[in-house]
Amino acid sequence: MEEAGDEEGEQGLRLGGVGDGADGEEEVARGVVAPQVLELSSSSSGEEGGSWEEEESQGSVEVTRGGGGDREARVSESRDSAEVNGGEAESQSLPGCPICMNAWTADGAHRVSCIPCGHVYGRSCLERWLLQCRKKPATCPQCGRRFKLNNIINLYAPEISVPNNDLEKQVLSLREKNESLEKQNQELVQEINEHKRQIILQQNFINESSLKRKKMADQSSHGTTDADSVASLTADDGHSSPCSFVLQNEFFLDGARVMGIDASSQIILTSGRAPGIGAEHVLTKGLQKIHLPSDTKAIRDICILPGGHVVFASLGKKLSLLSMTTESVVLHYDLPAPGWSCSGDQNSPNHIYAGLQNGMLLTFDIRQTVAPLHSMMGLSTHPVHTIHSVVDGGGSRKVISASSIGPCIWDVDGSRNRPDLLNGMENHGVCISLACNPPSSDLLVASFRPKVELSDDGTSQAGKSQSPTPSASGKLGCHALIRRTSNTSFARDQICRGNVSGLRMSKSAIIPCTGRSNQQHLFAYGDESLRGVRTWRLPSLQTFADLRPHRQPILDLRFAESSSTGERYLGCLSEDRLQVFRVR
Numbered sequence: 001m002e003e004a005g006d007e008e009g010e011q012g013l014r015l016g017g018v019g020d021g022a023d024g025e026e027e028v029a030r031g032v033v034a035p036q037v038l039e040l041s042s043s044s045s046g047e048e049g050g051s052w053e054e055e056e057s058q059g060s061v062e063v064t065r066g067g068g069g070d071r072e073a074r075v076s077e078s079r080d081s082a083e084v085n086g087g088e089a090e091s092q093s094l095p096g097c098p099i100c101m102n103a104w105t106a107d108g109a110h111r112v113s114c115i116p117c118g119h120v121y122g123r124s125c126l127e128r129w130l131l132q133c134r135k136k137p138a139t140c141p142q143c144g145r146r147f148k149l150n151n152i153i154n155l156y157a158p159e160i161s162v163p164n165n166d167l168e169k170q171v172l173s174l175r176e177k178n179e180s181l182e183k184q185n186q187e188l189v190q191e192i193n194e195h196k197r198q199i200i201l202q203q204n205f206i207n208e209s210s211l212k213r214k215k216m217a218d219q220s221s222h223g224t225t226d227a228d229s230v231a232s233l234t235a236d237d238g239h240s241s242p243c244s245f246v247l248q249n250e251f252f253l254d255g256a257r258v259m260g261i262d263a264s265s266q267i268i269l270t271s272g273r274a275p276g277i278g279a280e281h282v283l284t285k286g287l288q289k290i291h292l293p294s295d296t297k298a299i300r301d302i303c304i305l306p307g308g309h310v311v312f313a314s315l316g317k318k319l320s321l322l323s324m325t326t327e328s329v330v331l332h333y334d335l336p337a338p339g340w341s342c343s344g345d346q347n348s349p350n351h352i353y354a355g356l357q358n359g360m361l362l363t364f365d366i367r368q369t370v371a372p373l374h375s376m377m378g379l380s381t382h383p384v385h386t387i388h389s390v391v392d393g394g395g396s397r398k399v400i401s402a403s404s405i406g407p408c409i410w411d412v413d414g415s416r417n418r419p420d421l422l423n424g425m426e427n428h429g430v431c432i433s434l435a436c437n438p439p440s441s442d443l444l445v446a447s448f449r450p451k452v453e454l455s456d457d458g459t460s461q462a463g464k465s466q467s468p469t470p471s472a473s474g475k476l477g478c479h480a481l482i483r484r485t486s487n488t489s490f491a492r493d494q495i496c497r498g499n500v501s502g503l504r505m506s507k508s509a510i511i512p513c514t515g516r517s518n519q520q521h522l523f524a525y526g527d528e529s530l531r532g533v534r535t536w537r538l539p540s541l542q543t544f545a546d547l548r549p550h551r552q553p554i555l556d557l558r559f560a561e562s563s564s565t566g567e568r569y570l571g572c573l574s575e576d577r578l579q580v581f582r583v584r
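Heads up: the sequence shown begins at 1 in UniProt numbering, then just goes up one per residue.
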């Protein structure tokens, strides 16, 4: 037997078969091969003179030098004639540690280990056995061969498996199936709850419609009509109607905020939050939900671009590009401040714009993923809540934006670092919306609510000079028509009153209508007193029609026209409902 020196490094052992013996003798059954070969290594535990004591004459240990200073040992034993436990050989593969009868582990305190005689135990059991022996020599519990602490060898194996573990395999398989079924059950419960909610909403809508039809029938029998029920087809005066609105679809939602609509591809996206506390933000395409990254936060604006991409700005300081093909985010831009608005470019499919909470406007090229092309400072640090990409009379690219100070015009080629405030927009209050008909900027409509002023006693007084609001909902604000007078000049035109939100910055829209002699336009805005959309003729700003009301205030309006078929749509979004009207 060779000395096992206390040298640094690891010993590599290849374990063949080890038998058990009685009266301190090793016993190996002849012709029996070990069920597996384990690669193992050992490092000395720091005790000097680690000699293997009391070799048994029945076995021989052959030690050879391996490459790199490691040792490889191949243990072979010959069968002795002695009977083991009445002539019956023990199993070569134990179900676990013979001391505690628990399963070995691949690492940790109870990791699989062996001693010089070749018997295998959990390391913590061997160390506890040495402590119990104290000054007495510690011997192998099975064969009686002595060993010391530095003789314990850690066996390194990718995994430890218990032989004949068919039952354990079945348990693991059943556990995996159970987890899979539980996950499927949760998904089905969520789907069932969503369908139940949709059924309840649709039933409420059917009940409302039935009541309205009954009311109309009663009024018709008395020779009167309900103006709200037919407002979408009735003009305010005797002039010929420039267009009509026909309800095409109505979707019931939960927690919607903003929307995007593309008439050419027949796509409508709405943003909101998934049900539940701490739920992630999602985009909804019909009844299908597109889950967004966890750091997206609330989406403030959506714009559907040509080519199957969607850009959206979020309060998570992100400007994101989503592919409608894969329904996943393919590009992220980090913004210096939360994003409040976004838009594509009318002339360049690769350019997109972002309006920030700190008043900045950024220009990006989606072919460059690192930084914006241009960063421009605003006239104030108020959020840029609206962006429209337009072309001026000379064909130059411009951006029309709006913040609380009013509408501004930007040179997006970077020639000027700051925008210009449009003329005549200084003293109308807080600008909360700006409607445009891109790419044309000939007609704009800005919506204002009264400023909040503090009195001497510190209380707020909003718009003392305004006449009282005719409804308890919202505030009495105004809508101002703005006309282009030259390539760089604008002038305020007509003004009309309207009920606007005292908190929200809702979207508005300009709808082009083809008249008999020339093209006419309508202005659409979500009136707070109606909780529905009211439209006005342009340029007179005379009331034209009121569309079907919602239960909740209107949050977003989007007009879209198909470039291929010419079909035109108006989308009206509230927190719990999306209406899509076909404009004829």
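Glycine is no exception: its CB is placed at the ideal position from the N, C-alpha and C atoms.
- Here the alpha carbons of L174 and R111 stand approximately 27 Å from one another.
- Contact between the region 183-197 and the region 139-155 is absent: fewer than three C-beta pairs spanning the two stretches fall below 8 Å.
- In the displayed model, S506 falls within coil according to three-state DSSP, outside both helix and strand.
- Judged by pairs of C-beta atoms under 8 Å, the region 476-483 does not touch the region 410-419, as fewer than three such pairs exist.
- I302 and D107 have their C-alpha atoms roughly 53 Å apart.
- For E127, the enclosing alpha helix (DSSP H) begins and ends at 123-133.
- In summary, R257 is buried, with 16 or more beta-carbon neighbours lying within 10 Å of its beta-carbon over all protein chains present.
- For K285, the closest alpha carbon among the candidates N204, D295, G272 is that of G272.
- With fewer than 16 other CB atoms across the displayed protein chains lying within 10 angstroms of its CB, V452 is exposed.
- At a cut-off of 3 residues, the continuous stretches assigned as beta strand (DSSP E) that sit fully inside the region 417-451 are 430-437, 440-449.
- Close CB contacts of A354 within its chain, under the 6 Å cut and outside five residues either way in sequence, are with A313, L319, G339, C342, L362 (chain order).
- S506 sits close to S433, with the two beta carbons spaced by under 8 Å.
- Assigned with DSSP and collapsed to three states, L211 falls in helix.
- For C342, the enclosing beta strand (DSSP E) begins and ends at 339-344.
- Comparing C-alpha distances from S415 to each of S441, V391, M376 shows the shortest one belongs to M376.
- Here G378 is buried. Its C-beta has 16 or more other C-beta atoms within 10 Å.
- The beta carbon of T369 sits closer than 7 Å to the beta carbons of L331 from its chain, once the five residues preceding and following it are set aside; these are given in chain order.
- Straight-line measurement puts the Cα of C125 at about 59 Å from the Cα of S323.
- With respect to the 8 Å criterion, R568 and I261 are not classified as neighbours on the basis of their beta carbons.
- About 6 Å separates the CB atoms of T386 and S401; that is less than 8 Å, so the two are in contact.
- The closest CA to that of W536, considering only H550, R551, C496, S563, is found on C496.
- Ranked by how close their Cα comes to the Cα of P450, the residues P438, L444, G406 have G406 in first place.
- In summary, I482 is buried, with 16 or more beta-carbon neighbours lying within 10 Å of its beta-carbon over all protein chains present.
- Comparing alpha carbon positions, the residue from R397, C114, V282, Q494 closest to L443 is Q494.
- Residue environment for K398: buried (at least 16 other C-beta atoms within 10 angstroms of its C-beta).
- The C-beta distance from V583 to L570 rounds to 6 Å, short enough to fall under 8 Å.
- Straight-line measurement puts the Cα of C100 at about 21 Å from the Cα of L167.
- A Cβ-Cβ contact shorter than 8 Å links S441 with V390.
- Counting of Cβ neighbours within 10 angstroms places L131 among the exposed residues, the total staying below 16.
- In this structure, the straight-line span from the alpha carbon of G566 to that of C243 is close to 14 Å.
- Considering only Q170, F523, E561, A103, the residue with the shortest C-alpha distance to L547 is F523.
- Annotation for C114: the continuous beta strand (DSSP E) segment containing it runs 112-114.
- Straight across, the Cα-Cα distance linking L321 with S564 is about 24 Å.
- Classified as exposed, Q552 has fewer than 16 neighbouring CB atoms from the shown chains inside 10 Å of its CB.
- According to the DSSP secondary-structure assignment, M376 is paired through a beta bridge with L361.
- A distance of 8 Å or more separates the beta carbons of F364 and L356.
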